[in-house]
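Below is one structure, written out as structure tokens; comments come after it.
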Amino acid sequence: MLESALPTPCYLIDQAKLKRNLTLLDQLRKRTGCKILYAQKAFSSYPFYSMMSRFLDGTASCSAYEAQLSHTFFHGEHHVFETAYLPDEINDLMNICDHITFNSPTQLQKYGMQAKANGVSVGLRVNPEFLSQQFSEFDPCAPHSRLGTVASQFPMHMKRLINGLHVHALYEQNADSLSDLIDAIVAKFGQLLPEMEWINLGGGHAITREGYDLDRLEQCIRRLQQDYGLTVYLEPGEAIVWEAGFFVTSVLDIVKNGAETAILDASAVCHASDITELQYSPPLIGADKPSVLPFSYRLGGRSCLPEDIFGEYSFDHPLEIGERLVFRDMAINTLTKARMYTGMPMPAVAVREMDGNCKVLRTFTYNDYRNRF
Ligand SMILES: Cc1ncc(COP(=O)(O)O)c(C=O)c1O
Numbered sequence: 006m007l008e009s010a011l012p013t014p015c016y017l018i019d020q021a022k023l024k025r026n027l028t029l030l031d032q033l034r035k036r037t038g039c040k041i042l043y044a045q046k047a048f049s050s051y052p053f054y055s056m057m058s059r060f061l062d063g064t065a066s067c068s069a070y071e072a073q074l075s076h077t078f079f080h081g082e083h084h085v086f087e088t089a090y091l092p093d094e095i096n097d098l099m100n101i102c103d104h105i106t107f108n109s110p111t112q113l114q115k116y117g118m119q120a121k122a123n124g125v126s127v128g129l130r131v132n133p134e135f136l137s138q139q140f141s142e143f144d145p146c147a148p149h150s151r152l153g154t155v156a157s158q159f160p161m162h163m164k165r166l167i168n169g170l171h172v173h174a175l176y177e178q179n180a181d182s183l184s185d186l187i188d189a190i191v192a193k194f195g196q197l198l199p200e201m202e203w204i205n206l207g208g209g210h211a212i213t214r215e216g217y218d219l220d221r222l223e224q225c226i227r228r229l230q231q232d233y234g235l236t237v238y239l240e241p242g243e244a245i246v247w248e249a250g251f252f253v254t255s256v257l258d259i260v261k262n263g264a265e266t267a268i269l270d271a272s273a274v275c276h277a278s279d280i281t282e283l284q285y286s287p288p289l290i291g292a293d294k295p296s297v298l299p300f301s302y303r304l305g306g307r308s309c310l311p312e313d314i315f316g317e318y319s320f321d322h323p324l325e326i327g328e329r330l331v332f333r334d335m336a337i338n339t340l341t342k343a344r345m346y347t348g349m350p351m352p353a354v355a356v357r358e359m360d361g362n363c364k365v366l367r368t369f370t371y372n373d374y375r376n377r378f
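Take 6 as the starting number for the sequence shown in our numbering and just add one per residue.
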């Protein structure tokens with residue numbers, strides 16, 4: 006079907022753009038010998054997993070459900086990290102994951118031997134106390150963070166149990182930050198690196214964005230390979246689905262109260278929560294920042310929540326009821342974070358295939374809402 010025939014609201018995944026990102030990452034791993042895992046939390050739409058498996062080495066899960074999804078639909082390595090494992094999920098994880106990373110010495114002590122005896126490669130997440138992000142409340146290496154073991158707490162007596170170190174410290178960053186991060190890892194954990202088989206450098210690498218310094222990234226990977234003989238893993242989420250999704254909406258009404266607010270048939274709070282929670286401002290096709298073009302509007306969600314605002318944009322024409330508005334870069338953290346608060350229906354999910362043809366993959370009904378309760 007044509008894009009104009011899709012129901013709204015609708016998440017639309019662009020297969021060509023997904024493939025462009027995957028191809029770039031595939032070339033990187035082939036050039037350097039590093040391994041690239043897919044951090045599923047960004048976008049867990051398993052109908053794409055079989056295709057994605059051809060370009061990547063495996064997945065990184067952060068829960069037993071993600072691990073199960075990966076085990077069922079993704080061909081490759083299956084890595085899992087949880088801040089703390091539930092006693093009744095760890096046995097299953099040992100059967101379906103080839104790499105299990107523990108967050109603390111206590112968790113390592115509790116499950117590490119058993120994991121190893123099951124043939125699992127054991128990791129410990131470490132915190133190099135490297136601060137690099139703009140929002141400190143989201144920084145996994147902020148002071149007193151519960152994520153990862155700091156150098157002073159490293160369980161030296163259990164180091165033989167550990168096959169690899171896992172670090173996650175970056176957020177939408179370029180390779181200069183990665184280079185600084187590696188300096189911090191070497192400063193804190195350098196003496197342990199020759200004894201490890203692998204290092205996982207987490208996510209937050211904006212590899213597929215324009216301007217990303219691929220040469221510097223390759224130098225970083227080679228440094229760890231050559232100086233310490235390590236297998237280097239990267240586990241990006243966002244870089245894999247960067248710009249690979251749209252959110253197609255329609256204008257339902259225009260409310261005039263000093264400012265003009267166009268009410269969309271969707272909800273920012275429920276369907277694109279990074280907008281309201283992380284101040285993300287997605288690009289909107291055909292629109293600009295407020296007051297740049299002659300007609301400025303606030304775009305509001307149709308829920309009853311006062312904070313349900315997509316943002317302010319300007320247009321070269323007055324908006325009309327029924328008009329479609331399409332947000333870009335909306336594969337990341339949309340479907341995975343979507344909720345039905347206040348009974349908001351879930352948007353449909355569709356794909357734009359390689360030939361440009363669009364197909365609806367999934368629609369949701371009242372039963373999906375009712376069954377949660
Ligand atoms: C442990 C870990 N790995 C990988 C990622 C993926 O990060 P990104 O999507 O920014 O690449 C995250 C994101 O929160 C994470 O917590």
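No residue lacks a Cβ here, since even glycine has one placed at the ideal position from N, Cα and C.
As the structure is a prediction and not an experimental result, all values here were calculated from the model.
Would you check whether ligand 1 has a heavy atom nearer than 7 Å to the C-beta of Pro-241?
The residue you call residue 241 lines up with position 236 of the sequence shown. Within the chosen limit of 7 Å, ligand 1 reaches the beta carbon of Pro-241 through at least one heavy atom.
Would you mind reading off the limits of the alpha helix (DSSP H) that contains Phe-194?
Counted from its first residue, the sequence shown places residue 194 at position 189. Looking at the DSSP string, the run of the alpha helix (DSSP H) that includes Phe-194 is 180-194.
Tyr-16 and Thr-347 look like a contact to me (Cβ under 8 Å); what is the Cβ gap, rounded to whole Å?
Taking the first residue of the sequence shown as position 1, residue 16 is located at position 11. Taking the first residue of the sequence shown as position 1, residue 347 is located at position 342. Thr-347 and Tyr-16 do not touch by the CB rule: their CB atoms are close to 19 Å apart, not below 8 Å.
So, helix, strand or coil for Asp-103, using DSSP?
As a working note, residue 103 is residue 98 in the sequence shown. Coil.
What is the DSSP secondary structure of Glu-8, counted as helix, strand or coil?
As a working note, residue 8 is residue 3 in the sequence shown. Three-state result, Glu-8: helix.
Closest to Ile-101 by C-alpha separation, out of Glu-265, Thr-111 and Ala-65, would be which residue?
What you label residue 101 is simply residue 96 of the sequence shown in a count that begins at 1. Among Glu-265, Thr-111 and Ala-65, the Cα nearest to that of Ile-101 belongs to Ala-65.
Of the residues Leu-30, Tyr-233, Lys-115 and Pro-241, which one's Cα is nearest the Cα of His-173?
By one-based count along the sequence shown, residue 173 stands at place 168. Selected option, being the one with the closest Cα: Pro-241.
For ligand 1, any of its heavy atoms closer than 7 Å to the Cβ of Gly-250?
Position 245 of the sequence shown, counted from the first residue, corresponds to residue 250. Closer than 7 Å to some heavy atom of ligand 1: that does not describe the Cβ of Gly-250.
So is Ala-267 buried or exposed if we call it buried at 16+ other beta carbons inside 10 Å?
Numbered from 1 along the sequence shown, position 262 holds the residue referred to as residue 267. A residue is called buried once 16 or more other Cβ atoms fall within 10 Å of its Cβ, and Ala-267 is buried on that count.
Considering only the beta carbon of each residue, do Phe-389 and Ala-273 sit closer than 8 Å?
Because the chain in this structure spans residues 6 to 378, residue 389 falls outside the shown range and cannot be described.
Quick check: what's the CA-CA separation for Leu-269 versus Leu-257?
Numbered from 1 along the sequence shown, position 264 holds the residue referred to as residue 269. Numbered from 1 along the sequence shown, position 252 holds the residue referred to as residue 257. If you draw a straight line from the Cα of Leu-269 to the Cα of Leu-257, it is about 5 Å long.
Burial state of Asp-62 (16 or more Cβ within 10 Å)
As a first step, residue 62 is located in the sequence shown; it is residue number 57 there, counting from the start. Buried, by the Cβ-count rule.
Considering only C-alpha positions, which residue in the set Val-253, Phe-194 and Val-85 is nearest to Leu-330?
By one-based count along the sequence shown, residue 330 stands at place 325. Checking every option, the nearest Cα to that of Leu-330 belongs to Val-253.
Closer than 7 Å: His-149 CB and nearest ligand 1 heavy atom:
Along the sequence shown, one-based indexing puts residue 149 at 144. No.
Cβ contact check for the segment 232-251 and the segment 274-283: 3 or more pairs under 8 Å
In short, these stretches do not touch, since the Cβ pair count stays below three.
Any non-hydrogen atom of ligand 3 closer than 7 Å to Tyr-176 Cβ:
Summarising the ligand content, the structure contains ligand 1 and does not contain ligand 3.
Using DSSP's beta-bridge definition, name the partner residues of Gly-305.
In the sequence shown, residue 305 corresponds to position 300, counting from 1. Bridge partners of Gly-305 according to DSSP: Ile-268 and Ile-314.
So what's Tyr-217 in DSSP terms, helix, strand or just coil?
For the purposes of this step, residue 217 is taken as residue 212 along the sequence shown, with counting starting at 1. Collapsing the DSSP output to three states places Tyr-217 in coil.
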